[in-house]
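Visitor:
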Amino acid sequence: MTTALKIFSVFVLVFANGFFVAAEFALVGVRRSRVETLAATGDKRAKR
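Rendered as structure tokens:
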């Protein structure tokens, strides 16, 4: 494996990790009361 490929692999893995951390924060940070309000008004995304 070349050095450039190793460095590229590290950047890809760091980016993927950042993506999953951001997704986790988005799910944890949403307030349950807000989701329930949106679901009651018919928001399809909140009903999932």
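Heads up: the sequence shown begins at 21 in the working numbering, then just goes up one per residue. The C-beta atom is built at its ideal place from N, Cα and C for all residues, glycine as well.
For the alpha helix (DSSP H) containing T23, name the first residue and the last one.
Guide: Start at 1 with the first residue of the sequence shown, and residue 23 comes out as number 3. It spans T23 to G49 - the alpha helix (DSSP H) in which T23 sits, taken as one unbroken run.
Visitor: What is the rounded straight-line gap between the Cα of D63 and the Cα of F45?
Guide: On the sequence shown, residue 63 is found 43 positions in, with the first residue counted as 1. On the sequence shown, residue 45 is found 25 positions in, with the first residue counted as 1. For D63 and F45, the distance between alpha carbons rounds to 21 Å.
Visitor: Give me the Cα-Cα distance between A36 and R65, rounded to the nearest whole angstrom.
Guide: Mapped onto the sequence shown, residue 36 falls at position 16. Mapped onto the sequence shown, residue 65 falls at position 45. For A36 and R65, the distance between alpha carbons rounds to 24 Å.
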